[in-house]
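Per UniProt numbering, residue 1 is the first one in the sequence shown, and the count goes up by one each step.
Glycine included, every Cβ here is placed at the ideal spot set by N, Cα and C.
For reference, the structure is listed below as structure tokens.
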Amino acid sequence: MKLTKSSSKALHHANILKACSVSMMMMKQNNQCSTRCIHDHSDFKRGLIITTQSGVDVMNNSLLNKGTSFTRTERDRLHIRGLLPAVIVDIDTQLLRIRERYNMLASDIERYQFLTQLQDRNETLFYKFLVNNIKELAPIIYTPTVGKACESFSHIFRKPRGMFFSAEDRGEMKAMVYNYPVDEIDVIVVTDGGRILGLGDLGANGDGIPIGKLSLYVAAGGINPGRVMPVMLDVGTNNEKLLNDPLYLGIRRKRLTGQEYFDVLDEFMEAVTTRWPKVLIQFEDFTSDKAEIVLKKYRNRCLSFNDDIQGTGSVIVAGILNSLRAIGQQFSDIKHQKFLVVGSGGAGLGVANALKEAMVREGLDDEEARKNFYVVDKDGLLTQRRIEEGDEKGIAFTASQRSYAEVRDDLPEGLSILETIKTVKPDILLGLSGVGGLFTEDILREMNRQCAERGKEPIIFPLSNPTSKSEASAELVFRCTEGRGVFASGSPFDDVTLPNGLTIRPPQANNMFIFPGVGLGSILAGSKHISNNMFYAASKSLAASVSDEAIKRKEVYPRVEDIREVTKKVAVGVIRQAVSEGNALKFADKSKTFIDSNAEMEEYVGKRMWCPQYVPIVN
1 MKLTKSSSKA LHHANILKAC SVSMMMMKQN NQCSTRCIHD HSDFKRGLII
51 TTQSGVDVMN NSLLNKGTSF TRTERDRLHI RGLLPAVIVD IDTQLLRIRE
101 RYNMLASDIE RYQFLTQLQD RNETLFYKFL VNNIKELAPI IYTPTVGKAC
151 ESFSHIFRKP RGMFFSAEDR GEMKAMVYNY PVDEIDVIVV TDGGRILGLG
201 DLGANGDGIP IGKLSLYVAA GGINPGRVMP VMLDVGTNNE KLLNDPLYLG
251 IRRKRLTGQE YFDVLDEFME AVTTRWPKVL IQFEDFTSDK AEIVLKKYRN
301 RCLSFNDDIQ GTGSVIVAGI LNSLRAIGQQ FSDIKHQKFL VVGSGGAGLG
351 VANALKEAMV REGLDDEEAR KNFYVVDKDG LLTQRRIEEG DEKGIAFTAS
401 QRSYAEVRDD LPEGLSILET IKTVKPDILL GLSGVGGLFT EDILREMNRQ
451 CAERGKEPII FPLSNPTSKS EASAELVFRC TEGRGVFASG SPFDDVTLPN
501 GLTIRPPQAN NMFIFPGVGL GSILAGSKHI SNNMFYAASK SLAASVSDEA
551 IKRKEVYPRV EDIREVTKKV AVGVIRQAVS EGNALKFADK SKTFIDSNAE
601 MEEYVGKRMW CPQYVPIVN
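Given below as structure tokens:
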């Protein structure tokens with residue numbers, strides 16, 4: 001039977017109402033989540049929200065609340081007429097009020113609290129404000145301000161977000177995971193609070209990290225905010241100040257160690273992957289002795305990665321690629337570079353491993369590549385001698401620490417940073433120590449002098465964050481290298497004006513350029529795991545997103561304002577690599593022509609990125 005335009009439209013509305021009725025009946029029967037977002041990755045076209053909630057419950061649900069932007073029909077349909085001022089305004093008008101209030105605040109921690117309160121009240125408005133002002137606000141919701149917030153987390157705590165698993169929940173995790181009222185989760189970020197940024201063991205106070213990280217997944221990566229879950233895995237703390245704080249929100253016991261620790265972690269992992277088998281799990285700010293073990297154990301069992309190790313490594317590979325472009329070399333020349341890596345923790349050696357693998361791809365064998373790395377930590381240059389003496393004393397070393405030490409029997413143990421620079425004449429200096437101001441003027445000037453003698457420009461990346469932990473400021477590096485250096489930092493710095501009048505925008509080696517794209521790409525691809533080559537593809541895509549004009553200005557990373565476009569390109573690179581590995585279940589029916597087309601792939605990814613805009617709510 002041929003339908004008229006009006007009858008077709010009526011049938012369409014009838015089908016929506018039927019779907020709503022069925023949805024409500026199923027949700028009541030299951031007594032589970034009462035809100036279903038239809039604008040997700042699998043059904044992005046329909047753009048509506050179905051809910052069984054009404055009245056003040058709608059206004060108290062941050063994923064549903066629109067404040068004064070609820071339409072008149074929504075106010076009637078949701079039974080909230082009279083519960084709001086009569087005026088109806090659009091989201092842009094609401095943003096004016098948010099901006100006015102935000103500008104009144106005097107400190108970054110006040111701004112952080114204001115933004116978290118907005119997020120708890122109205123997530124769409126929060127993310128609209130964040131996306132529109134990402135350069136200004138990213139340092140508030142994440143590093144460096146989130147570090148200050150974590151230090152006082154138990155004192156400024158207002159409302160729980162996500163889930164809390166602890167050592168006291170052993171034997172109950174598989175059951176308690178069903179207390180979370182969401183049936184579909186795309187991303188979990190979990191921390192045990194053991195090494196929060198450069199601040200050390202903050203225990204349950206570290207919960208601010210997964211919350212902030214997931215805010216960036218949503219704002220930068222277009223992940224639906226209703227499908228993310230921050231997790232605090234509370235295994236205790238060795239921080240006496242916290243244990244003695246009457247307001248501390250964590251369990252009051254020393255941190256679990258050994259098999260007891262891994263038993264708790266294993267139970268947590270089994271619980272979340274049983275309920276959400278396709279979820280991406282990002283491990284965040286685990287201590288160095290745990291991070292590498294956890295990553296190795298789980299990376300091929302489920303969709304997971306460690307951002308401190310793999311994300312940092314990937315973003316630095318991209319920065320080094322572009323640094324070589326900036327000094328007139330090819331990326332294949334990476335195999336000829338000598339690296340001085342300051343910091344032997346998970347991040348430092350994660351970066352070294354990523355760069356080493358890039359050298360192997362350019363023709364070196366693994367041992368030859370490792371010989372290009374000199375690792376210095378608080379005890380000086382790491383050599384084979386330290387490993388041998390440590391083994392005799394029962395000191396534990398990670399597999400990565402051993403791998404770089406065993407090829408370093410050609411130099412004395414314990415050389416300082418300055419002594420190592422004078423001895424080995426490195427081309428590239430990387431700081432991942434977590435020690436603020438570690439790169440002194442003497443170190444930076446010697447690095448510049450050694451490179452100048454060989455006709456090279458020094459590449460210097462002080463990568464620790466927050467800003468107080470950065471090994472050197474942008475101003476100091478450019479001053480000590482007489483403006484010759486290629487610089488990138490882990491924390492944001494203001495523009496630097498050189499004596500010749502040239503103003504340089506210090507590039508930031510921000511993991512935000514990598515992890516949202518890796519996460520989005522692997523989710524859209526339907527990957528079962530994230531390979532090293534998928535991270536390498538992310539690095540190449542990130543590097544390629546920087547124009548030749550920017551490279552001439554030594555801007556080796558893109559601008560934060562362009563983050564969503566960068567994420568789109570990174571996600572495309574990750575998907576293509578996953579397809580080539582047979583690790584993209586959702587692309588099995590896609591043609592090679594489609595996959596090879598940048599325009600079509602970017603359009604495909606872009607349409608599946610959540611955008612902060614109000615959509616109709618159906619009750």
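Out of E482, E453, E457 and F493, which one is the CA nearest neighbour of E471?
Walking along the sequence shown from the start, residue 471 turns up at place 471. Checked all of E482, E453, E457 and F493; the closest Cα to E471 is F493.
Between the C-alpha atoms of C451 and T420, what's the straight-line distance to the nearest angstrom?
Mapped onto the sequence shown, residue 451 falls at position 451. Mapped onto the sequence shown, residue 420 falls at position 420. Approximately 14 Å between the Cα atoms of the pair.
Measuring CA to CA, which of I334, K356, D192 and H155 is closest to D285?
Taking the first residue of the sequence shown as 1, we reach residue 285 at position 285. Among I334, K356, D192 and H155, the Cα nearest to that of D285 belongs to D192.
Under the three-state reduction of DSSP, which class applies to S34: helix, strand or coil?
Within the sequence shown, residue 34 is the residue found at index 34, counting from 1. Reliability fails at S34, whose pLDDT of 48 lies under 50, so the model's placement of it is uncertain and no value is given.
Which same chain residues, not among the five before or five after I281, have their C-beta less than 6 Å away from its C-beta?
Position 281 of the sequence shown holds residue 281. Answer for I281: I188 and S304, listed in chain order.
In whole angstroms, what is the alpha-carbon distance linking S541 and R402?
Position 541 of the sequence shown, counted from the first residue, corresponds to residue 541. Position 402 of the sequence shown, counted from the first residue, corresponds to residue 402. Approximately 31 Å, taken between the alpha carbons.
Please list, in chain order, all residues of the same chain as T497 whose beta carbon is under 6 Å from its beta carbon, the five residues on each side excluded.
Counting from 1 along the sequence shown, the entry for residue 497 is found at position 497. T503, listed in sequence order.
Under DSSP, the alpha helix (DSSP H) around V317 begins and ends at which residues?
Working through the sequence shown from its first residue, we reach residue 317 at position 317. Note, V317: alpha helix (DSSP H), T312 to A326.
Between K335 and G363, is the Cβ-Cβ spacing less than 9 Å?
Within the sequence shown, residue 335 is the residue found at index 335, counting from 1. Within the sequence shown, residue 363 is the residue found at index 363, counting from 1. The answer is yes: Cβ separation under 9 Å.
Which residue from T68, S344, G437 and G380 puts its Cα closest to that of L411?
Position 411 of the sequence shown holds residue 411. Here the closest residue by C-alpha is G380.
Just grab the DSSP bridge partners of D377 for me.
Taking the first residue of the sequence shown as 1, we reach residue 377 at position 377. The partner list for D377 (beta bridge, DSSP) reads G380.
Put E603 into one of helix, strand or coil per three-state DSSP.
As a first step, residue 603 must be located in the sequence shown, where it is residue number 603. It is helical.
Do three or more CB pairs link the region 476 to 492 to the region 444 to 463 at distances below 8 Å?
Judged by Cβ distances under 8 Å, the region 476 to 492 makes contact with the region 444 to 463, as three or more pairs qualify.
Does the pairing of the region 226 to 243 with the region 199 to 211 give three or more beta-carbon distances under 8 Å?
Touching, per the Cβ criterion.
Can you give me the start and stop residues for the alpha helix (DSSP H) that Q119 sits inside?
On the sequence shown, position 119 is the one that residue 119 refers to. Here the alpha helix (DSSP H) through Q119 covers D108 to R121.
Starting from the C-beta of K135, find all residues in its chain whose C-beta is less than 6 Å away, skip the five residues before and the five after it, and write them out in chain order.
On the sequence shown, residue 135 is found 135 positions in, with the first residue counted as 1. Cβ within range, chain order: V560 and E561.
Cutting at 8 Å between CB atoms, please list the residues of its own chain near K552, excluding the five before and the five after it.
Counting from one through the sequence shown, the residue named residue 552 turns up at place 552. Correct list, in chain order: A326.
If you check the beta carbons only, do A219 and I563 fall under 9 Å apart?
For the purposes of this step, residue 219 is taken as residue 219 along the sequence shown, with counting starting at 1. For the purposes of this step, residue 563 is taken as residue 563 along the sequence shown, with counting starting at 1. Yes, they are a contact pair.
Does the Cβ of Y102 have 16 or more other Cβ atoms within 10 Å, making it buried, or fewer, making it exposed?
Position 102 of the sequence shown, counting from 1, holds the residue named residue 102. Buried is the call here.
Measuring only the C-alpha atoms, how far is Q94 from L125?
One-based indexing of the sequence shown puts residue 94 at position 94. One-based indexing of the sequence shown puts residue 125 at position 125. Near 8 Å, if we compare the C-alpha coordinates of L125 and Q94.
Can you give me the start and stop residues for the alpha helix (DSSP H) that N353 sits inside?
Walking along the sequence shown from the start, residue 353 turns up at place 353. From DSSP, the alpha helix (DSSP H) with N353 extends over G346 to R361.
When the Cα of D366 is compared with those of F157, V376 and L355, which residue comes out closest?
The sequence position of residue 366 within the sequence shown is 366, counting from 1. Comparing Cα positions, the closest option is L355.
Of all the beta strand (DSSP E) runs that stay within the bounds of the region 454 to 489, which reach a length of 3 or more residues?
If we require 3 residues or more, the beta strand (DSSP E) runs fully inside the region 454 to 489 come out as 459 to 462.
I'd like the span of the alpha helix (DSSP H) that includes I417, first residue to last.
Along the sequence shown, one-based indexing puts residue 417 at 417. Segment I417 to V424, the alpha helix (DSSP H) holding I417.
Distance, Cα to Cα, residue 621 vs I530?
Outside the displayed span of the chain (1 to 619) sits residue 621, for which this structure offers no information.
Tell me whether the beta-carbon of P144 lies closer than 9 Å to the beta-carbon of P507.
For the purposes of this step, residue 144 is identified with residue 144 of the sequence shown, where counting begins at 1. For the purposes of this step, residue 507 is identified with residue 507 of the sequence shown, where counting begins at 1. Contact flag unset, no.
Give a yes or no on contact between the region 581 to 595 and the region 207 to 214, applying the rule of three or more CB pairs nearer than 8 Å.
As far as the Cβ criterion goes, the region 581 to 595 does not touch the region 207 to 214, which means the pair count is below three.
Contact check, L315 vs A509 under 8 Å by CB: the rounded distance?
Numbered from 1 along the sequence shown, position 315 holds the residue referred to as residue 315. Numbered from 1 along the sequence shown, position 509 holds the residue referred to as residue 509. Residue identity differs from the one stated: residue 315 is Val in this sequence, not Leu. The Cβ separation is near 5 Å, so the contact holds.
Looking at G348 and L430, is the spacing between their C-beta atoms short of 9 Å?
Counted from its first residue, the sequence shown places residue 430 at position 430. Counted from its first residue, the sequence shown places residue 348 at position 348. Yes.
Less than 8 Å between C-beta atoms, sequence neighbours within five positions excluded: which residues of the same chain meet that for N448?
By one-based count along the sequence shown, residue 448 stands at place 448. So the list reads P458, C480, T481, E482, R484 and G485, once near-sequence residues are dropped.
Under three-state DSSP, which class holds V228?
Within the sequence shown, residue 228 is the residue found at index 228, counting from 1. Reduced to three states, the DSSP call for V228 is strand.
Which one of E453, F439 and G501 has the shortest CA to CA distance from V477?
As a position in the sequence shown, residue 477 is number 477, starting the count at 1. Looking at the Cα atoms, F439 is the closest of the given residues.
Enumerated in chain order, which unbroken segments of the alpha helix (DSSP H) with a length of 4 residues or greater are wholly contained in the region 491 to 556?
The region 491 to 556 contains these whole alpha helix (DSSP H) runs: 515 to 525, 532 to 544 and 548 to 552.
If we count the other Cβ atoms within 10 Å of its Cβ and call it buried at 16 or more, is R408 buried or exposed?
Reading the sequence shown from its first residue, position 408 is the one you call residue 408. That one is buried.
I need the boundaries of the beta strand (DSSP E) containing V189, first residue and last residue.
Sequence index remark: in the sequence shown, residue 189 carries index 189 (1-based). Start and end: V187 to T191.
For R370, which residues of its own chain have a beta-carbon under 7 Å away from its beta-carbon, when the five flanking residues on both sides are left out?
Counting from one through the sequence shown, the residue named residue 370 turns up at place 370. Correct list, in chain order: K356, S403, Y404 and V407.
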